[in-house]
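A.B. asks: My structure is below; once you've seen it, I'll send some questions.
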Amino acid sequence: MSFLESQQLVRLTELSKNTRKLILEAVTEAGSGHPGGSLSAVEILVTLYFYKMKHDPKNPSWEDRDRFILSKGHASPLLFAILAQAGYFPIEELKTYRKINSRLQGHPDFKTPGVEYPGGSLGIGLSVAVGMALAARLDNKSHRIYALLGDGELQEGQVWEAAMTAAKYRLD
1 MSFLESQQLV
11 RLTELSKNTR
21 KLILEAVTEA
31 GSGHPGGSLS
41 AVEILVTLYF
51 YKMKHDPKNP
61 SWEDRDRFIL
71 SKGHASPLLF
81 AILAQAGYFP
91 IEELKTYRKI
101 NSRLQGHPDF
111 KTPGVEYPGG
121 SLGIGLSVAV
131 GMALAARLDN
141 KSHRIYALLG
151 DGELQEGQVW
161 EAAMTAAKYR
171 LD
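Read in order, the letters of the sequence shown are residues 1 to 172 in my numbering.
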């Protein structure tokens, strides 16, 4: 491992630790939320947002950005902690999680900068991601769409229909 790779690993590890702290603080402050589902995917989102994805917090609607779909919307504390650390909104705003008039509710909402999909019923996120990927292909765009699903929603028929559609159209 090169020096730069080891520095990147240290940075991602620190971001993961801080993300876990922010999740627990937000859920504790709110007195409710789903810390388990959020904590289970910290390294995935840290790697995507701080290593892999092309995105711009100063221009959340940038046409060529990569997209992230949080299908398991109850893991919103994770997404919000990541978006705050990436610069989409101030970290202090995490203290408003689940409060009246806050942009940060129990499920993501388009009111929150950086949210691509307002996590709703479990099982729909992969279908949304497949639709976005097909639209990108039709528009000759090279951006990527990433989707994170929870284990419980994998039993939904719609998930498997979306997976079969992705295979049929050779989405990668």
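Beta carbons: idealized from backbone N, C-alpha and C, even for Gly.
(1) What residues in its chain sit with their C-beta under 6 Å from that of residue 114, if we drop five residues either side in the sequence?
(2) Taking the alpha carbon of residue 70 as the point to measure from, which residue in 34, 57, 129 has its own alpha carbon closest?
(3) Give the straight-line distance between the Cα atoms of residue 146 and residue 22, rounded to the nearest whole angstrom.
(4) Can you list, in chain order, the residues of its chain whose CB lies under 7 Å from that of residue 65, leaving out five sequence neighbours each side?
(5) State the CB to CB distance for the pair residue 175 and residue 108, rounded to an integer number of angstroms; the pair is presumed to be in contact (CB under 8 Å).
(6) Name the DSSP bridge partner or partners of residue 145?
(7) Expressed to the nearest angstrom, what Euclidean distance is found between the alpha-carbon atoms of residue 44 and residue 7?
(8) Can you round the beta-carbon distance between residue 72 and residue 148 to whole angstroms, since I take them to be within the 8 Å contact cut?
(9) If you follow the alpha helix (DSSP H) that residue 80 is part of, which residue opens it and which one closes it?
(10) Measure the beta-carbon distance from residue 32 to residue 98 and round it to whole angstroms, keeping in mind my assumption that it falls under 8 Å.
(11) Please state whether the Cβ-Cβ distance between residue 15 and residue 50 is less than 8 Å.
(12) At which residues does the alpha helix (DSSP H) containing residue 101 begin and terminate?
(13) Between which two residues does the alpha helix (DSSP H) harbouring residue 221 extend?
(14) Report yes if the C-beta distance between residue 123 and residue 156 is below 8 Å; otherwise report no.
C.D. replies: The answer reads as follows:
(1) Only 60, 83, 88 meet the Cβ criterion.
(2) Just measuring C-alpha positions, the residue of 34, 57, 129 sitting nearest residue 70 is 129.
(3) The straight-line gap from Cα to Cα measures roughly 23 Å.
(4) Cβ within range, chain order: 54, 55, 56, 143.
(5) Given a span of 1 to 172 for the chain in the structure shown, any question on residue 175 remains unanswerable.
(6) In DSSP, residue 145 forms a bridge with 67.
(7) Approximately 18 Å, taken between the alpha carbons.
(8) Taking C-beta atoms under 8 Å as the contact rule, residue 72 and residue 148 qualify, at a distance of about 7 Å.
(9) Residue range 76 to 86 is occupied by the alpha helix (DSSP H) that includes residue 80.
(10) Confirmed, Cβ separation roughly 6 Å.
(11) Closer than 8 Å, so yes.
(12) In the DSSP annotation of this structure, residue 101 is not part of any alpha helix (DSSP H), being labelled neither H nor E.
(13) Beyond the ends of the chain as shown, which are 1 and 172, falls residue 221; an answer cannot be given.
(14) Closer than 8 Å, so yes.
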